Amino acid sequence: TGSSRPQRMLKAVQKNATKGDPKSVISAIDSYCRHKEWAMNVGDDKGLILDSVLTEVNPSTALELGTYCGYSSVRIARLLSPDSKLITIEFNPAFAIIARQIIAYAGLQDKVTLVEGASGDLIPKMKEQFGIKSFDFVFLDHWKDRYVPDTKLLEDCGLLKKGTVLLADNVICPGAPEYLQYVRNNPRYESRYYPSNLEYTKVEDGLEKSVFLG
Ligand SMILES: Cc1ncnc2c1ncn2[C@@H]1O[C@H](/C=C/CNC(=O)c2cc(-c3ccc(F)cc3)cc(O)c2O)[C@@H](O)[C@H]1O
Ligand SMILES: [Mg+2]
């Protein structure tokens, strides 16, 4: 049996990136996925929007739903202040094992806690298990039909506070219509769409930024 796409992505990082240099890890993955083999990383175009929202929010505690291979974990963690933390949730062990290696290769293992399991099970444990009072920033990039239930769960668990920023990938492609409906028609959120394109393609996609108003 051959290697998997995530394994090949890790190999590309080990071959082309410099250990401890997050920027080189990001470009190694982007170059591999653009020229060799497409993969569902948020990518370099939408990544610039992610970077700008992160710089604006400067979160102390950030949450990511759907680690996949860790591309956006690296993208997020590289911009965090010294004592800030990212918790990223991934339920596929094969992806988690690759993500841990990519995050470590970037030298960001001390800023990122990768938790294996389903978001629906882990979100209610955030306070007791990880000592989280609330999140300043949440990046949603997991199964698109989980965006709404997990947002509601974050609300119900008191993990969102006035000013928490939710940033959702793929609201156009593959699409998250129920999520757009939820955040855009809910008085507790101030939402804005950032147009871009699907990673490594010319297809339209974008990010939805929603500020929780408390
Ligand atoms: C409830 C739960 N708990 C924990 N981990 C969970 C979880 N639900 C999913 N995961 C994890 O997160 C990732 C899954 C991401 C899903 N993302 C996409 O499907 C996606 C697809 C495209 C795409 C666009 C056009 C195409 F033609 C084909 C694909 C682009 C994207 O950017 C995507 O994000 C994956 O690592 C999965 O194990
Ligand atoms: Mg995505």
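The opening residue of the sequence shown carries number 41 in this note's numbering; numbering runs sequentially from there. Even glycine gets a Cβ: it sits at the ideal position worked out from N, Cα and C. The structure presented is a predicted model; accordingly, all values stated were derived computationally and were not measured.
For Leu-247, the three-state secondary structure derived from DSSP is strand. Taking 8 Å as the cut-off, the Cβ atoms of Phe-170 and Val-205 do not count as close.
Just measuring C-alpha positions, the residue of Leu-120, Tyr-240, Leu-105 and Thr-241 sitting nearest Arg-186 is Leu-105. Residue burial is scored here from C-beta neighbours: Glu-130 has at least 16 other C-beta atoms within 10 angstroms and is therefore classed as buried. Distance from the CA atom of Ala-144 to the CA atom of Ser-67, rounded to whole angstroms, is 16 Å. Under a 10 Å Cβ-count criterion, Pro-99 is classified as buried, with 16 or more other Cβ atoms of the shown protein chains found around its own Cβ. Within the same chain, Tyr-240 come within 6 Å of Trp-78 by CB-CB distance, once the 5 residues on both sides are set aside.
In this structure the segment 146 to 158 touches the segment 113 to 126; the number of beta carbon pairs closer than 8 Å is three or more. The C-beta distance from Pro-189 to Gly-160 rounds to 7 Å, short enough to meet the 8 Å contact threshold. Not one heavy atom of ligand 1 is found less than 7 Å from the C-beta of Glu-248.
Contact between Val-53 and Ile-127 is ruled out by a C-beta separation of about 22 Å, above the 8 Å threshold. Straight-line measurement puts the Cα of Ile-89 at about 27 Å from the Cα of Ala-158. The beta carbons of Ile-163 and Thr-101 sit no closer together than 8 Å.
For Gly-87, the enclosing alpha helix (DSSP H) stretches over residues 83 to 97.
Note: Phe-175 is bridge-paired with Leu-200 in the DSSP secondary-structure output. For Tyr-219, there is no enclosing beta strand (DSSP E); the residue is part of the alpha helix (DSSP H) that begins and ends at 217 to 224. Minimum Cα-Cα distance from Ser-121 among the listed residues Glu-96, Trp-183, Asn-56 and Arg-48 corresponds to Glu-96. Following the DSSP letters along the chain, one finds Asn-56 inside the alpha helix (DSSP H) bounded by residues 45 to 56. The beta-bridge partner set that DSSP reports for Ile-137 is empty. Counting along the chain, the unbroken beta strand (DSSP E) around Glu-104 starts and ends at 101 to 105.
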